[in-house]
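Protein chains in written order, with full-length UniProt numbering: chain Y, 1 to 221; chain P, 1 to 388.
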C-alpha cells in the first residue's frame, strides 16, 4: 500500500544543514494500523508529511498503490491526496468560522460532487463519530474531544484508504484520548482503513498493529 | 464553492465590515464619478448645432452725441457695411451681449396656449444663422411685419415642448408682455458651452431700428490675420471714439468656457483617483493580511486536496464575493435615482454609471487579489499546518 524507499529529508539554510530523516525504508500494508513514536524533533511529523504528500523527500521514493509520486504535478498530487488520504492533526485545524457540517464537507468541496452528495457523506461521517447532533455548532462551541471527532469525521468523509493522524490524542485528556483511539481502531477494523499515527503515548501505540520508533531521523525499531 | 466562500465571508462579517464599507463607499464615489463622466461625454458628443470657427465677436461702444434711434441705427448700419466691405469678412450680424460661449445669459418664460417654458433669449438679426452656420428646419429669419409683434426663430427643443407635432410657423407666443410671431425653427444649438445641456432658445429678430446691443459677430475668412484684426480694431475705434473696443475669437472663448467645466472636474477626478489608489491599497493590504492570518487554514485546504491554483482562485473569489455584497448594497442605493426619476437625466446614464462602477470595482478587486492569491498558492502546506 505505502512504500517508502531510502527516504532522506534535509533542511538547509545558508549555514546549517539539518537531517530530519535519514535513510528511512518502510512498507505499510493495506489495512495496517501503524504507530510512529520517538522523542520531539526526531522527524515523526516530517515522515507523516512525506507519506501524506505534503512534503517532498530530499532523496528516496514514496510509492502509494505502486504509484511513484515524486514527480507528480501539484494538481494531480492534490487530487491524489483528496481521494486517498485523510488527515487528523493534534490541534484539530478546524475552520472556526464554519459550522461542524461545513468543516466536515471541506475535502468533498474539492471533488466533483453535488451539495446533496456532500451533505450525505458528511452526515454519515459525523454519525460514525457520534456527532450528528452537533452539525450546526461552531468549533468554539465544542470540547477538545468533540473537535477531534469533527476532525476525524472530516478525514473519513471522503472515504480515503489512508488516514494519517499526527498526535490525535496529544491535546486531550486520557478519557477523551481513549474515545478518539477507539474511533480510530473501529475505523481500522470495520472500514479496513490504513492508519499511520504519530504518538507520544506508549499505551496508545500498543493498541496498534505495529510500532516504528525514530531517533534523530533514523528508524531504530 | 461559491456558497462555501459566501458562508465563510458572512460568518466573518464583523472582521470584514470595514472592507465591505470601503468597497461600498468606493462604489458610490465611482458611481457619481462615472455618472458625471458619462453625462459630460453625452453632452460633449451632442451635436453643437453651429460653427464657431472663424467667428469673432466685437463689443463696441456707440458714438457719443447720438440721441435718436434713427441716428444710432443709421451710424451702426454704416459701420456694418464698412466691415462687410472688408475682403476678409464673410458676414456680420448684431447680437445681444449673450454671444456664444459668453457668461451672460438672458432667460425668460415663454407661453403658448397655457404652456409655459423657460427659454434663453438671443437678440440678433437675420444674418445670425449664416454667421454661425446654423441649420434651419423650417421657416426663415424674418422680422414680424406686424405692428406690436416681433419675429422670432425658436429652436427644435422649444418647438417640441410648446407645439409638439403642430406646425409653429405663424403662431404667436408671448414672453412677458412681448408678442412674438414664430417665423422659423432652427436646429438645437449648444451656444453656452460644449458641456452644457441643450435648452430651449428664442432668437428674437431685431428691428432695423434696434441697434443698441453693442455686439457684432463677424464671420471672417481663414485668411483673416493679426493685421486684419488691427485694421478692424482701428475701424471700430474711429467709429466710437473713447469707447472700449473688445475683439474676441469664439475659438478662444470656447476653450475658456469649456475650461470652466473641465478644470474643477479634473481636480475632482484627481481626488477620486487618489481615493481609488487608497482603496486599492486597502483591499490589497487586507487580503494580504488575511492570507498571512489564515496560513494554517490554507495549509489544511492543501492537505485535504486543494491545489495551489484552487487556493489562488479561492482568494480571488473571496474578494469578488466580498465586493458583490457591497455592490448589492451600493446598487440598491444607486438604482433609486432612475427609479424615482430624481431629475430629467435619462435612466440610461444612471444604469451605465452603475454598470461601469460595478465592472471597475470587480477589476480593481481582481487586480488587488492577484498578488495575495499568488502568495497563498505558494504556501507550503507542511509548514503552514504547524502554524496556529
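Built from N, CA and C at the ideal position, the CB exists for glycine as well. Because the structure is a prediction, the values reported are computed rather than measured.
Thinking C-alpha only, which one of 353/P, 314/P, 240/P is nearest residue 374/P? Mapped onto the second chain, residue 374/P falls at position 374. The option with the nearest alpha carbon to residue 374/P is 314/P.
Cβ of residue 306/P less than 8 Å from any chain Y Cβ? In the second chain, residue 306/P corresponds to position 306, counting from 1. It does: the Cβ of residue 306/P has a partner Cβ on chain Y nearer than 8 Å.
Taking the beta strand (DSSP E) that residue 93/P falls in, what are its first and last residues? Here the question's residue 93/P lines up with position 93 in the second chain. That run of the beta strand (DSSP E) goes 89-95.
Three Cβ pairs or more, each shorter than 8 Å: is that satisfied between the stretch 341-360 of chain P and the stretch 290-303 of chain P? Fewer than three beta-carbon pairs drawn from the stretch 341-360 of chain P and the stretch 290-303 of chain P are found closer than 8 Å, and the two stretches are therefore not classed as touching.
Give the residues from the stretch 96-107 of chain Y that approach chain P closer than 7 Å (Cβ to any Cβ), ordered along the chain. Taking 7 Å as the cut-off between beta carbons, the residues of the stretch 96-107 of chain Y near chain P are 97, 98, 102, 106, 107, in sequence order.
Quick one: using the 10 Å Cβ neighbour count with 16 as the cut-off for buried, is residue 378/P buried or exposed? Within the second chain, numbered from 1, the residue matching residue 378/P stands at position 378. The residue is exposed, with fewer than 16 neighbouring Cβ atoms inside 10 Å.
Using Cβ-Cβ distances below 9 Å, what residues of the stretch 204-217 of chain Y are close to chain P? Taking 9 Å as the upper bound on Cβ-Cβ separation, chain P lies near no residue of the stretch 204-217 of chain Y.
Measure from the C-beta of residue 381/P to each C-beta in chain Y and report whether the shortest distance is under 8 Å. Looking up residue 381/P in the second chain gives position 381. Yes, its Cβ sits closer than 8 Å to a Cβ of chain Y.
Under 8 Å by Cβ, that's how I've got residue 320/P and residue 372/P pegged, so tell me the actual separation to the nearest angstrom. The residue you call residue 320/P lines up with position 320 of the second chain. The residue you call residue 372/P lines up with position 372 of the second chain. The Cβ separation is near 13 Å, so there is no contact.
Tell me the residue span of the alpha helix (DSSP H) that contains residue 155/P. Position 155 of the second chain, counted from the first residue, corresponds to residue 155/P. Annotation: residue 155/P is outside any alpha helix (DSSP H); the continuous beta strand (DSSP E) that includes it extends over 149-155.
May I ask you to verify whether the stretch 158-171 of chain P touches the stretch 66-77 of chain P, counting CB pairs closer than 8 Å and requiring at least 3? Counting C-beta pairs closer than 8 Å gives fewer than three between the stretch 158-171 of chain P and the stretch 66-77 of chain P, which falls short of the contact rule.
Just the Cα atoms here: how many angstroms apart are residue 126/Y and residue 1/P? For the purposes of this step, residue 126/Y is taken as the residue at position 126 of the first chain. For the purposes of this step, residue 1/P is taken as the residue at position 1 of the second chain. Rounded to whole angstroms, residue 126/Y to residue 1/P spans 21 Å at the Cα level.
CB contact below 8 Å: residue 1/P versus chain Y: On the second chain, position 1 is the one that residue 1/P refers to. Closer than 8 Å to some Cβ of chain Y, the Cβ of residue 1/P qualifies, so yes.
Anything in chain Y within Cβ reach of residue 300/P, meaning under 7 Å, just list it in chain order. Locating residue 300/P in the second chain gives position 300, where the first residue counts as 1. Within chain Y, the residues near residue 300/P are 93.
Report the three-state DSSP secondary structure of residue 82/P (helix, strand or coil). The residue labelled residue 82/P in the question sits at position 82 within the second chain. Three-state result, residue 82/P: helix.
Is residue 31/Y close to chain P, meaning its C-beta is less than 8 Å from at least one C-beta of that chain? Position 31 of the first chain, counted from the first residue, corresponds to residue 31/Y. Judged by the 8 Å Cβ criterion, residue 31/Y is not in contact with chain P.
Could you please give the first and the last residue of the uninterrupted alpha helix (DSSP H) stretch that includes residue 210/Y? Residue mapping note: residue 210/Y aligns to position 210 of the first chain, counting from 1. Counting along the chain, residue 210/Y falls outside any alpha helix (DSSP H), though it belongs to the beta strand (DSSP E) covering 210-215.
Return no unless some Cβ of chain Y is closer than 8 Å to the Cβ of residue 303/P. Your numbering for residue 303/P matches position 303 in the second chain. Residue 303/P counts as touching chain Y.
Sheet register partners of residue 27/Y (DSSP bridge): As a working mapping, residue 27/Y is identified with position 27 in the first chain. BP columns for residue 27/Y point to 3/Y.
Classify residue 141/P as buried or exposed, calling it buried when 16 or more other Cβ atoms lie within 10 Å of its own Cβ. For this step, residue 141/P is matched to residue 141 along the second chain. Flag for residue 141/P reads buried.
To the nearest angstrom, how far is the alpha carbon of residue 347/P from that of residue 24/P? As a working note, residue 347/P is residue 347 in the second chain. As a working note, residue 24/P is residue 24 in the second chain. Answer to the nearest angstrom: the Cα atoms are 21 Å apart.
For residue 92/Y, does the three-state DSSP call read helix, strand or coil? Against the first chain, residue 92/Y aligns to sequence position 92. In the structure shown, residue 92/Y falls within a coil segment according to DSSP collapsed to helix, strand and coil.
Beta carbon of residue 188/Y, beta carbon of residue 180/Y: below 8 Å? What you label residue 188/Y is simply residue 188 of the first chain in a count that begins at 1. What you label residue 180/Y is simply residue 180 of the first chain in a count that begins at 1. Cβ distance not < 8 Å, so residue 188/Y and residue 180/Y don't count as in contact.
Does DSSP put residue 293/P in a helix, a strand or coil? For this step, residue 293/P is matched to residue 293 along the second chain. Helix at residue 293/P.
In the structure shown, what three-state DSSP assignment does residue 363/P receive? To locate residue 363/P, count along the second chain from 1; it is residue 363. DSSP places residue 363/P in helix when its eight states are reduced to three.
Please classify residue 4/P as buried or exposed, where buried requires at least 16 neighbouring CB atoms within 10 angstroms. Along the second chain, one-based indexing puts residue 4/P at 4. Flag for residue 4/P reads buried.
Just to confirm before moving on: does the CB-CB distance between residue 186/P and residue 150/P stay below 8 Å? Locating residue 186/P in the second chain gives position 186, counting from the first residue. Locating residue 150/P in the second chain gives position 150, counting from the first residue. Cβ distance not < 8 Å, so residue 186/P and residue 150/P don't count as in contact.
Counting C-beta neighbours from all protein chains within 10 Å, is the total for residue 192/P 16 or more, i.e. buried, or is it exposed? As a working mapping, residue 192/P is identified with position 192 in the second chain. For residue 192/P, the number of other beta carbons within 10 angstroms of its own is at least 16, and it is reported as buried.
Any contact of the stretch 217-230 of chain P with the stretch 109-119 of chain P, i.e. 3+ C-beta pairs under 8 Å? Below 8 Å, too few C-beta pairs join the stretch 217-230 of chain P and the stretch 109-119 of chain P to call them touching: fewer than three.
Beta strand (DSSP E) runs wholly inside the stretch 126-174 of chain Y, at least 3 long, in chain order: DSSP assignment within the stretch 126-174 of chain Y yields the following whole beta strand (DSSP E) runs of 3 residues or more, N-terminal first: 162-166.
State the DSSP-derived secondary structure class of residue 33/P, mapped to helix, strand or coil. Mapped onto the second chain, residue 33/P falls at position 33. Residue 33/P carries a helical assignment under DSSP once its states are collapsed to helix, strand and coil.
Residue 100/Y beta carbon less than 8 Å from that of residue 137/Y: Translated into the one-based positions of the first chain, residue 137/Y becomes position 137. Translated into the one-based positions of the first chain, residue 100/Y becomes position 100. Taking 8 Å as the Cβ cut-off, residue 137/Y and residue 100/Y qualify as a contacting pair.
Do the stretch 138-153 of chain Y and the stretch 330-345 of chain P make contact, defined as three or more Cβ pairs closer than 8 Å? These segments do not touch.
Does the distance from the CB of residue 136/P to the CB of residue 195/P come in under 8 Å? Working through the second chain from its first residue, we reach residue 136/P at position 136. Working through the second chain from its first residue, we reach residue 195/P at position 195. No, these two residues do not count as a Cβ contact at 8 Å.
Is it buried or exposed, residue 363/P, if we count other Cβ atoms within 10 angstroms and call 16 or more buried? For the purposes of this step, residue 363/P is taken as residue 363 along the second chain, with counting starting at 1. Exposed, by the Cβ-count rule.
First through last residue of the alpha helix (DSSP H) which encompasses residue 111/Y: Position 111 of the first chain, counted from the first residue, corresponds to residue 111/Y. Taken as a continuous stretch (DSSP letters only), residue 111/Y belongs to no alpha helix (DSSP H), as it is neither H nor E.
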